[in-house]
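Number of protein chains: 2
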Amino acid sequence: MATRTRRPERRENPLSRERIVGAAVELLDADGEGRLTFRALAERLATGPGAIYWHVANKSELLDAATDAVVADALAVAPATPVTPVTSAMPVTSVAPAMSAASTTTAESPRDGIRAVALALFDAIDAHPWLAAQLAAQLSRSPGQSVAPRIFESIGRQVSALEAPKSSWFTVTSALVHYILGAAGQNAANGRTLGPGADRGEFLDTTARAWEALDPDDYPFTRAVAVQIRDHDDREQFLAGIDLILNGVAAKPS
Amino acid sequence: MATRTRRPERRENPLSRERIVGAAVELLDADGEGRLTFRALAERLATGPGAIYWHVANKSELLDAATDAVVADALAVAPATPVTPVTSAMPVTSVAPAMSAASTTTAESPRDGIRAVALALFDAIDAHPWLAAQLAAQLSRSPGQSVAPRIFESIGRQVSALEAPKSSWFTVTSALVHYILGAAGQNAANGRTLGPGADRGEFLDTTARAWEALDPDDYPFTRAVAVQIRDHDDREQFLAGIDLILNGVAAKPS
DNA sequence: ACCTGAACACCGTTCAAGT
DNA sequence: ACCTGAACACCGTTCAAGT
Numbered sequence: 012m013a014t015r016t017r018r019p020e021r022r023e024n025p026l027s028r029e030r031i032v033g034a035a036v037e038l039l040d041a042d043g044e045g046r047l048t049f050r051a052l053a054e055r056l057a058t059g060p061g062a063i064y065w066h067v068a069n070k071s072e073l074l075d076a077a078t079d080a081v082v083a084d085a086l087a088v089a090p091a092t093p094v095t096p097v098t099s100a101m102p103v104t105s106v107a108p109a110m111s112a113a114s115t116t117t118a119e120s121p122r123d124g125i126r127a128v129a130l131a132l133f134d135a136i137d138a139h140p141w142l143a144a145q146l147a148a149q150l151s152r153s154p155g156q157s158v159a160p161r162i163f164e165s166i167g168r169q170v171s172a173l174e175a176p177k178s179s180w181f182t183v184t185s186a187l188v189h190y191i192l193g194a195a196g197q198n199a200a201n202g203r204t205l206g207p208g209a210d211r212g213e214f215l216d217t218t219a220r221a222w223e224a225l226d227p228d229d230y231p232f233t234r235a236v237a238v239q240i241r242d243h244d245d246r247e248q249f250l251a252g253i254d255l256i257l258n259g260v261a262a263k264p265s
Numbered sequence: 012m013a014t015r016t017r018r019p020e021r022r023e024n025p026l027s028r029e030r031i032v033g034a035a036v037e038l039l040d041a042d043g044e045g046r047l048t049f050r051a052l053a054e055r056l057a058t059g060p061g062a063i064y065w066h067v068a069n070k071s072e073l074l075d076a077a078t079d080a081v082v083a084d085a086l087a088v089a090p091a092t093p094v095t096p097v098t099s100a101m102p103v104t105s106v107a108p109a110m111s112a113a114s115t116t117t118a119e120s121p122r123d124g125i126r127a128v129a130l131a132l133f134d135a136i137d138a139h140p141w142l143a144a145q146l147a148a149q150l151s152r153s154p155g156q157s158v159a160p161r162i163f164e165s166i167g168r169q170v171s172a173l174e175a176p177k178s179s180w181f182t183v184t185s186a187l188v189h190y191i192l193g194a195a196g197q198n199a200a201n202g203r204t205l206g207p208g209a210d211r212g213e214f215l216d217t218t219a220r221a222w223e224a225l226d227p228d229d230y231p232f233t234r235a236v237a238v239q240i241r242d243h244d245d246r247e248q249f250l251a252g253i254d255l256i257l258n259g260v261a262a263k264p265s
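These protein sequence lines are chains A and B, in that order. Just so we're aligned: 152 in the numbering used here is position 141 of the first sequence, and the numbers increase by one with no gaps anywhere. Just so we're aligned: 91 in the numbering used here is position 80 of the second sequence, and the numbers increase by one with no gaps anywhere.
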């Protein structure tokens with residue numbers, strides 16, 4: 012501790028996969044994926060670009076590792092194991108079961124569980140905007156190759172505890188995951204164009220004004236909803252979309 | 012075919028923004044965004060890389076132009092103008108109005124209109140997988156700067172003709188657009204990993220088998236829905252998700 | 001076992017020079 | 001007005017050489 016007067020010695024601070032991934036996440040958060048460079052990374056780690064390749068195979072593996080690290084954290088906050096485990100035989104009715112020995116959190120209704128996981132992902136993507144594209148690309152990988160399939164599993168378990176026919180599980184879970192990734196990614200993109208220092212209320216007001224000034228013939232709808240964007244809460248809006256989908260689960264088609 | 016003996020003459024085939032964008036779309040479709048290169052593009056157009064910059068400012072403008080061209084086609088097939096125009100005063104009730112002089116297609120219910128636009132986008136993204144990421148990034152742009160806001164408008168108009176409170180329009184439209192882009196992008200990514208020559212049934216069977224072989228403790232849900240992926244139709248599945256959201260629109264929360 | 005740093009084969013983009 | 005092609009400042013990645 013007190014010996015930390017000199018800058019870190021190589022021996023005390025050797026390169027490691029963890030340090031590399033950590034620095035990568037920092038660069039990603041600060042500058043976005045386009046600016047994550049092996050040379051920039053090497054400089055930050057006080058080494059040469061070649062050294063990184065001893066610990067990481069290539070850039071895409073580095074991106075995967077960064078994604079895994081961040082998402083694993085996010086999913087750890089939300090409970091990975093839901094109230095009701097999937098029983099492979101029959102559609103599960105969502106009669107609240109006896110409290111299970113939940114690992115991290117108190118037991119919740121599946122609906123609240125979905126909200127919790129969704130919000131955890133929303134916040135993670137908000138804090139790390141580059142996550143959205145990364146996760147979307149990873150969803151088609153086989154489980155075990157990345158965290159993205161874990162998200163699918165995590166949402167799906169809660170869906171299986173909903174009172175919905177088993178035949179709808181896949182559709183519902185897919186819809187939820189797509190919505191979550193899409194909406195969270197959008198929010199992150201907005202935040203990015205906004206910039207870190209800017210005023211949110213002012214930004215919303217500006218967009219609302221711009222929407223209201225659109226050509227009535229070309230953009231009647233966008234004009235009509237301009238008011239709604241002016242004073243909406245991002246997370247509330249996001250959760251409203253989740254509820255919309257969940258409401259559709261048991262509803263009969265009109 | 013048989014006429015393709017000489018290479019095209021310069022004077023008869025001058026460079027133009029249109030030709031460049033067309034060639035870019037071809038490269039994008041064939042090799043993906045990573046392989047769209049000004050040098051490859053120049054070679055395909057029998058010119059130097061510098062020449063392209065006379066017609067296009069930079070790569071991101073080229074990508075935008077390619078996206079615009081492809082999406083404009085897709086939205087032209089689906090009706091851009093819906094049965095019921097947005098009236099800014101009151102929530103519109105979806106009593107079928109008198110047939111309007113629809114520009115391209117016969118009048119439809121808003122629900123069918125949404126399905127049509129969604130399916131057109133699904134097919135476009137299926138044919139041009141690089142579209143998904145491009146559109147997601149463009150959604151946060153102001154209308155007029157890209158086609159993405161037109162998609163929002165196009166879906167939104169139909170939403171406004173649904174029997175839903177006006178206060179929900181923004182949420183519903185956002186949810187739909189996010190789902191459409193997310194699900195279509197996912198499908199395109201799957202098709203990409205599948206490859207052009209492979210057998211779809213065999214591919215689905217392989218994934219289903221892989222899912223069924225997962226650890227029951229870690230992936231109970233994914234295992235449980237493995238059957239459902241085996242013989243599902245992509246477009247049907249996609250539309251089921253749309254219907255799910257639409258069903259949620261008027262449903263009361265449970 | 002781990003790190004260095006030069007080198008290779010690329011990129012997007014610019015720009016003097018041509019027609 | 002439009003095109004050429006060399007050049008600049010980057011990239012990811014490799015690899016002989018060091019410790």
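Using N, Cα and C, we set each Cβ at its ideal position, and we do this for glycine too. Source: prediction; values computed, not measured.
For leucine 38(A), which three-state DSSP category applies? Position 27 of the first sequence, counted from the start, is the residue given in the question as residue 38(A). Of the three classes helix, strand and coil, the one that applies to leucine 38(A) here is helix, per DSSP.
Helix, strand or coil: how does DSSP classify threonine 48(B) here? Taking the first residue of the second sequence as position 1, residue 48(B) is located at position 37. It is coil, neither helix nor strand.
Note down the Cα distance separating glycine 59(B) from glycine 33(B), rounded to an integer number of angstroms. Within the second sequence, residue 59(B) is the residue found at index 48, counting from 1. Within the second sequence, residue 33(B) is the residue found at index 22, counting from 1. Roughly 17 Å separates the two Cα atoms.
Buried versus exposed call for asparagine 69(B) [16 or more other C-beta atoms within 10 Å across all chains shown]: Looking up residue 69(B) in the second sequence gives position 58. Asparagine 69(B) should be labelled exposed.
Rounded C-alpha distance that separates arginine 246(A) from leucine 130(A): The residue labelled residue 246(A) in the question sits at position 235 within the first sequence. The residue labelled residue 130(A) in the question sits at position 119 within the first sequence. Cα-Cα distance, rounded: 8 Å.
Tell me the rounded alpha-carbon separation between alanine 143(A) and phenylalanine 232(A). For the purposes of this step, residue 143(A) is taken as residue 132 along the first sequence, with counting starting at 1. For the purposes of this step, residue 232(A) is taken as residue 221 along the first sequence, with counting starting at 1. Between alanine 143(A) and phenylalanine 232(A), the C-alpha separation is close to 27 Å.
Apply the 10 Å Cβ neighbour rule to proline 160(A) and answer buried if 16 or more other Cβ atoms are within range, or exposed otherwise. Your numbering for residue 160(A) matches position 149 in the first sequence. Buried.
Alpha carbon to alpha carbon, what distance is there between serine 185(B) and asparagine 201(B)? On the second sequence, position 190 is the one that residue 201(B) refers to. On the second sequence, position 174 is the one that residue 185(B) refers to. When rounded, the distance between both Cα atoms is 24 Å.
Does any residue of chain A have a CB that is nearer than 8 Å to the CB of phenylalanine 49(B)? Start at 1 with the first residue of the second sequence, and residue 49(B) comes out as number 38. Answer no: the Cβ-Cβ gap between phenylalanine 49(B) and chain A never drops below 8 Å.
Under 7 Å from the C-beta of valine 183(B): neighbouring residues of chain A: Here residue 183(B) refers to the residue found at position 172 when the second sequence is read from its first residue. Neighbours of valine 183(B) on chain A, chain order: Leu255.
Can you find a C-beta in chain B that's less than 8 Å from the C-beta of glutamate 164(A)? Within the first sequence, residue 164(A) is the residue found at index 153, counting from 1. Yes, its Cβ sits closer than 8 Å to a Cβ of chain B.
In chain order, what residues of the same chain have a beta carbon less than 6 Å from the beta carbon of alanine 107(A), not counting five sequence neighbours either side? Taking the first sequence and counting its residues from 1, the one referred to as residue 107(A) is at position 96. Residue placement at alanine 107(A) cannot be trusted, given a pLDDT of 39 that sits under 50; the coordinates are not used to answer.
Looking at the structure shown, is alanine 160(B) part of a helix, part of a strand, or coil, going by DSSP? As a working mapping, residue 160(B) is identified with position 149 in the second sequence. Per the sequence shown, residue 160(B) should be read as proline rather than alanine. Correct three-state label for proline 160(B): helix.
For the pair the region 165-179 of chain B and the region 249-261 of chain B, tell me if three or more CB-CB distances fall below 8 Å. yes
Could you check whether the Cβ of glutamate 29(B) sits closer than 8 Å to any Cβ belonging to chain A? Here the question's residue 29(B) lines up with position 18 in the second sequence. No, glutamate 29(B) lies away from the interface with chain A (no Cβ there is under 8 Å from its Cβ).
Going by C-alpha distance, which of Phe214(A), Ala251(A) and Asp228(A) is nearest arginine 241(A)? In the first sequence, residue 241(A) corresponds to position 230, counting from 1. Cα-wise, what sits closest to arginine 241(A) is Phe214(A).
For glycine 252(A), count the other beta carbons within 10 Å of its own beta carbon; 16 or more makes it buried, fewer makes it exposed. Which is it? Taking the first residue of the first sequence as position 1, residue 252(A) is located at position 241. So glycine 252(A) ends up on the buried side.
Enclosing alpha helix (DSSP H) for proline 121(B) [first to last residue]: Counting from one through the second sequence, the residue named residue 121(B) turns up at place 110. Start and end: 121-138.
What first and last residue would you give for the alpha helix (DSSP H) that runs through glycine 59(A)? Looking up residue 59(A) in the first sequence gives position 48. No alpha helix (DSSP H) holds glycine 59(A); DSSP gives it neither H nor E.
Could you tell me which uninterrupted alpha helix (DSSP H) segments, each at least 4 residues in length, are contained entirely in the region 229-253 of chain A, listed from first to last along the chain? 231-235 and 237-241
Does the pairing of the region 191-206 of chain A with the region 138-156 of chain A give three or more beta-carbon distances under 8 Å? yes
Just the C-alpha distance for valine 88(B) and glutamate 37(A), rounded to the nearest angstrom, thanks. Your numbering for residue 88(B) matches position 77 in the second sequence. Your numbering for residue 37(A) matches position 26 in the first sequence. When rounded, the distance between both Cα atoms is 45 Å.
Please go through the same chain and pick out, in chain order, the residues whose beta-carbon is closer than 7 Å to the beta-carbon of arginine 30(A), but skip the five residues on each side of it. What you label residue 30(A) is simply residue 19 of the first sequence in a count that begins at 1. Cβ within range, chain order: Leu56.
Is it the case that the Cβ atoms of leucine 26(B) and threonine 182(A) are separated by a distance below 8 Å? On the second sequence, position 15 is the one that residue 26(B) refers to. On the first sequence, position 171 is the one that residue 182(A) refers to. Result no, Cβ atoms of leucine 26(B) and threonine 182(A) do not sit closer than 8 Å.
Inter-residue CB distance, serine 157(B) and threonine 78(B) (contact presumed, cutoff 8 Å): Taking the first residue of the second sequence as 1, we reach residue 157(B) at position 146. Taking the first residue of the second sequence as 1, we reach residue 78(B) at position 67. Contact holds; Cβ gap of about 7 Å.
Take glycine 124(B) as the anchor and find which of Pro140(B), Pro154(B), Trp141(B) and Ile162(B) has the nearest alpha-carbon. Looking up residue 124(B) in the second sequence gives position 113. Ranking the options by Cα distance to glycine 124(B), first place goes to Ile162(B).
Going along chain A in order, which residues have a C-beta closer than 7 Å to the C-beta of glycine 196(B)? In the second sequence, counting from the first residue as 1, residue 196(B) sits at position 185. Those within 7 Å of glycine 196(B) in chain A are Ala147.
Buried or exposed: which applies to serine 179(A), given that a residue is buried once 16 or more other Cβ atoms fall within 10 Å of its Cβ? The count along the first sequence starts at 1 and reaches residue 179(A) at position 168. Classification for serine 179(A): buried.
Alanine 186(B) touches chain A at which residues, Cβ-Cβ below 8 Å? The residue labelled residue 186(B) in the question sits at position 175 within the second sequence. Here the neighbours are Tyr190, Ala194, Gly252, Leu255 and Ile256.
Using CA atoms only, rank isn't needed, just tell me which of Gly196(A), Arg50(A), Asp226(A) and Ala221(A) is closest to aspartate 137(A). The residue you call residue 137(A) lines up with position 126 of the first sequence. Out of Gly196(A), Arg50(A), Asp226(A) and Ala221(A), Gly196(A) has the C-alpha closest to the C-alpha of aspartate 137(A).
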